[in-house]
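Residue numbers (the UniProt record's numbering): 1 to 374.
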């Protein structure tokens with residue numbers, strides 16, 4: 001696992017260094033051309049390249065910090081720093097968009113006549129190609145190693161290629177018709193950048209707040225668990241994300257009520273190993289529900305209760321059912337969908353329905369949540 005993390009960090013850093021070098025060179029060329037041709041669009045494009053280089057630097061710093069080993073203060077590691085670095089990049093993109101919009105509006109009211117040359121246009125054209133290649137490269141690597149910072153940098157580079165291409169089109173229009181659209185084009189491009197920055201920021205904040213676990217990952221983990229001999233069902237999977245590809249979690253399993261403590265202990269250890277091997281998820285806790293196996297009456301009661309529970313709309317699951325005849329107690333968990341107008345009201349109705357059917361029994365019904373609900 002440690003080796004995989006180190007390889008991932010090296011890939012991210014190498015890709016980011018490539019981005020820094022490319023953007024610094026592009027910024028230098030564009031700045032010179034922008035000043036010589038009095039082109040506000042090209043100058044803003046150069047500034048945008050510098051911000052991209054800064055984004056790549058932040059990605060490197062964030063990756064280095066996120067790779068630190070867990071310690072007493074942060075026992076789950078520093079992986080979430082990568083989300084913070086992605087948020088900083090989003091803010092940089094947003095700031096660059098707002099700044100360029102302000103400058104473009106100023107030029108609308110106080111326009112400067114550009115003075116393009118064929119050489120300058122060729123250099124801008126080359127920059128378009130470089131940014132397209134760089135954007136696709138950064139985004140593909142980011143998706144491969146699950147780095148939001150790289151993905152954001154790649155999307156930003158793709159936007160830059162659109163900006164540079166638009167600048168090139170505006171220059172050609174000016175040279176052929178004498179009509180200067182630079183300032184207006186700069187304003188439109190700035191709005192696109194601002195929109196992109198807001199979207200990046202929104203996605204990153206959502207991850208920091210904590211999103212639901214991937215339904216496909218949750219499904220495959222439950223399948224791995226239920227494939228193990230002795231496990232009758234897997235429920236209540238909770239996954240906590242501590243950075244890209246860093247997952248801890250807990251789960252409940254159903255086992256026959258005849259299993260000894262030793263058998264359950266061995267089963268839990270087998271489950272933890274299987275899940276980590278298959279999914280790289282550390283199960284820090286495995287809870288146990290027992291299943292009635294000693295008499296037919298318990299099964300009949302469960303079937304009746306299940307019929308009552310699922311008669312209510314928005315019920316997704318019922319699990320952990322057990323009838324303790326010695327103390328006349330029925331216990332189980334019920335999962336009510338987030339789509340329900342009032343989940344707690346549905347829960348209260350279920351309690352009332354079961355109580356009406358089994359008035360002599362003590363009920364222990366828990367309202368549960370499916371954290372990977374689609």
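Even glycine gets a Cβ: it sits at the ideal position worked out from N, Cα and C.
No experiment lies behind these values; they were computed from the predicted model shown.
inquiry  = Quick check on DSSP: helix, strand or coil for residue 146?
reply    = DSSP, read as helix, strand or coil, puts residue 146 in coil.
key: Beta-carbon gap between residue 305 and residue 268 smaller than 8 Å   = no
query = According to DSSP, is residue 205 helix, strand or coil?
reply = helix
message = Can you give me the C-alpha to C-alpha distance between residue 293 and residue 323, rounded to a whole angstrom?
response = Whole-angstrom Cα-Cα distance: 10 Å.
task = Please name the residue, chosen from 156, 151, 182, 70, that lies closest to residue 43 on a Cα-to-Cα basis.
result = Nearest C-alpha to residue 43: 182.
message = Which residue wins for smallest C-alpha separation from residue 249, given the options 256, 220, 285, 224?
response = 285
key: residue 378 and residue 127 closer than 8 Å at C-beta   = Absent from the structure is residue 378, since the part of the chain shown begins at 1 and ends at 374.
query = Can you tell me whether DSSP reads residue 360 as helix, strand or coil?
reply = Secondary structure at residue 360: coil, using DSSP grouped into helix, strand and coil.
query = What does residue 368 pair with, by DSSP beta-bridge criteria?
reply = 335
query = Among the residues of its own chain, which have a CB less than 8 Å from the CB of residue 187, if the five just before and after it don't count?
reply = 101, 104, 105, 108
key: Boundaries of the alpha helix (DSSP H) in which residue 215 is found, first to last residue   = 215-226
key: For residue 314 and residue 94, the rounded distance between their alpha carbons   = 41 Å
inquiry  = What does the alpha-carbon distance come out to for the pair residue 133 and residue 142?
reply    = Answer to the nearest angstrom: the Cα atoms are 14 Å apart.
inquiry  = Measuring alpha carbon to alpha carbon, tell me which residue in 274, 77, 282, 171 is nearest residue 243.
reply    = 77
ask   = Quick one, are the C-beta atoms of residue 204 and residue 160 less than 8 Å apart?
value = no
query = Hey, which unbroken runs of the beta strand (DSSP E) at 3 residues or more fall wholly within the segment 23-102?
reply = none
key: Residues near residue 70 in its chain [Cβ-Cβ closer than 6 Å; skip 5 each side]   = 77
query = If residue 131 sits next to residue 164, beta carbons under 8 Å apart, how far is it from one beta carbon to the other, in whole angstroms?
reply = 6 Å
query = Pick from 170, 190, 196: whose alpha carbon is nearest that of residue 151?
reply = 196
key: Separation of residue 237 from residue 222, as counted between CA atoms   = Between the alpha carbons of residue 222 and residue 237 lies a distance of about 8 Å.
Reference residue 251; option with closest CA among 209, 300, 319 = Cα-wise, what sits closest to residue 251 is 319.
key: Cut-off 6 Å between Cβ atoms - residues of its own chain near residue 154, not counting five sequence neighbours on either side   = Shown here for residue 154: same chain residues with a beta carbon closer than 6 Å to its own, the five before and five after excluded, namely 135, 138, 139, 142 in chain order.
inquiry  = My output table needs one value for residue 154: the three-state DSSP class, helix, strand or coil.
reply    = helix
query = Do you know offhand how far residue 18's Cα is from residue 199's?
reply = 25 Å
message = Ignoring anything shorter than 4 residues, give me the alpha helix (DSSP H) runs that lie fully in the segment 265-342, in order along the chain.
response = If one requires a minimum length of 4 residues, the alpha helix (DSSP H) runs lying completely within the segment 265-342 are 296-309, in chain order.
task = Apply the 10 Å Cβ neighbour rule to residue 365 and answer buried if 16 or more other Cβ atoms are within range, or exposed otherwise.
result = buried
message = In this structure, how does DSSP classify residue 160 when only helix, strand and coil are distinguished?
response = helix
task = Below 7 Å CB to CB, which residues in the same chain sit around residue 328 once its five sequence neighbours on both sides are set aside?
result = 360, 361, 362
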